[in-house]
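The letter at position 96 of the sequence shown is residue 96 when you use the UniProt record's numbering, and the numbering goes up by one with no holes. Quick reminder that beta carbons are idealized off the backbone N, C-alpha and C, glycines included. Structure, as structure tokens:
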Amino acid sequence: MTQPPDEPVPEWEPYRRPPKDRIRITETSCCGAYEWACQGGQFLILRRTPTGQYEETARGLYRHARPVWQALLVLHEDEHKRKARARIAASPKRRDRALPGNPAA
Ligand SMILES: [Zn+2]
Numbered sequence: 001m002t003q004p005p006d007e008p009v010p011e012w013e014p015y016r017r018p019p020k021d022r023i024r025i026t027e028t029s030c031c032g033a034y035e036w037a038c039q040g041g042q043f044l045i046l047r048r049t050p051t052g053q054y055e056e057t058a059r060g061l062y063r064h065a066r067p068v069w070q071a072l073l074v075l076h077e078d079e080h081k082r083k084a085r086a087r088i089a090a091s092p093k094r095r096d097r098a099l100p101g102n103p104a105a
């Protein structure tokens with residue numbers, strides 16, 4: 001369950017397209033962490049940096065970009081679970097709450 005992903009972590013680069021290159025964002029992931037976009041017949045994934053800039057990754061064909069998108073969603077979900085477990089572990093009072101993915105013994 002906690003295997004590291006086999007695929008390399010996608011490389012992010014600053015999004016620097018001129019505004020006249022129209023971009024269409026068609027999906028936004030959980031928490032708005034990532035955005036699935038289409039531009040000039042190519043697909044790409046955007047994310048915001050802490051400074052409010054955009055970065056992009058996986059630009060290209062659907063079949064190239066889509067698996068990266070799905071992997072990012074899984075990683076994001078795992079991050080939620082990890083944080084939830086850490087929060088529960090850090091507060092003994094709430095230990096009676098069910099841990100995600102951990103059936104009661
Ligand atoms: Zn989220």
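For A33, no alpha helix (DSSP H) encloses it, and the DSSP letter there is neither H nor E. Rounded to the nearest whole angstrom, the C-alpha separation of D78 and G32 is 16 Å. Counting C-beta atoms within 10 angstroms of its own C-beta, Y34 has 16 or more neighbours from the protein chains shown and is therefore classed as buried. For I23, no alpha helix (DSSP H) encloses it, and the DSSP letter there is neither H nor E. Straight-line measurement puts the Cα of R63 at about 23 Å from the Cα of R48.
Between the beta-carbon of A58 and that of V68 there is about 4 Å, and that keeps the pair under the 8 Å contact cut. I23 and V74 have their C-alpha atoms roughly 25 Å apart.
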